[in-house]
Amino acid sequence: MSRIYGDWEGSYKELPRWFNVVQWYLPGTVVRYGASNHDNIDTYILDRVFWSFKPCIDGFGFCKPILQVDGTFLTGKYNGTLLIASSQDGNRRIFPIAFAIVEGETKEAWEWFFFNIRSFVTQQANICIISDRGTGLLGALRTELPQWCNAHSVFCIRHVASNFNKEFRDTELKEKVIQMGMY
0 MSRIYGDWEG SYKELPRWFN VVQWYLPGTV VRYGASNHDN IDTYILDRVF
50 WSFKPCIDGF GFCKPILQVD GTFLTGKYNG TLLIASSQDG NRRIFPIAFA
100 IVEGETKEAW EWFFFNIRSF VTQQANICII SDRGTGLLGA LRTELPQWCN
150 AHSVFCIRHV ASNFNKEFRD TELKEKVIQM GMY
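In numbering that gives the first Met the number 0, the protein residues as written are 0 to 182.
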């Protein structure tokens, strides 16, 4: 199988070239990454990568002024965290905006993610950021990043509903809380 498709290390070494190809064939697509040198000159360590496709960047201008952000752990040979920013279109459908693979949901990783969103996706003021309000994310929004000083940070309704259900243990009421948050 590895003779046909290559192994992990070979695929990993191709990432910078793949990033360049994506930007070449999808003009306006943004890919930014950071890599560290390794003891071996031919080896580098990918620290972070951010990307947003041109249709996502353009489409955000027609979405509600909200960013729903979250992170999920990656497992396997290469660990890390996938950060995602999405929005809602006029029909309340999820619209992907930007993605990043970072070392974890740290303050520094979220700062880097938000910096790239502001630099390459939108400069729109007064954006509402919906999240789980994790400490790393909130720390990033509370820093001296002037481009996010007018952002409003609110809880994701699913997190509110889960906390509500933990306290009152009533799934019917939990569903009503979710329904209230939908509008």
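Using N, Cα and C, we set each Cβ at its ideal position, and we do this for glycine too.
May I ask which residues mark the beginning and end of the alpha helix (DSSP H) holding G58? K53 to F59
Under three-state DSSP, which class holds R91? coil
Do the segment 24-32 and the segment 76-86 make contact, defined as three or more Cβ pairs closer than 8 Å? no
Specify whether the segment 14-25 and the segment 66-73 touch according to this definition: at least 3 beta carbon pairs, one from each stretch, less than 8 Å apart. no
Nearest-angstrom Cα separation, counted from N39 out to F49: 25 Å
Please report the straight-line C-alpha distance between K106 and D131, rounded to a whole angstrom. 14 Å
Measuring alpha carbon to alpha carbon, tell me which residue in E171, R91, D46 and P64 is nearest W111. D46
Span of the beta strand (DSSP E) holding A34? V29 to N36
Is T142 helix, strand or coil by DSSP? coil
Just confirm the distance between the C-beta atoms of C55 and P95, as a whole number of angstroms; I'd bet it's less than 8 Å. 6 Å
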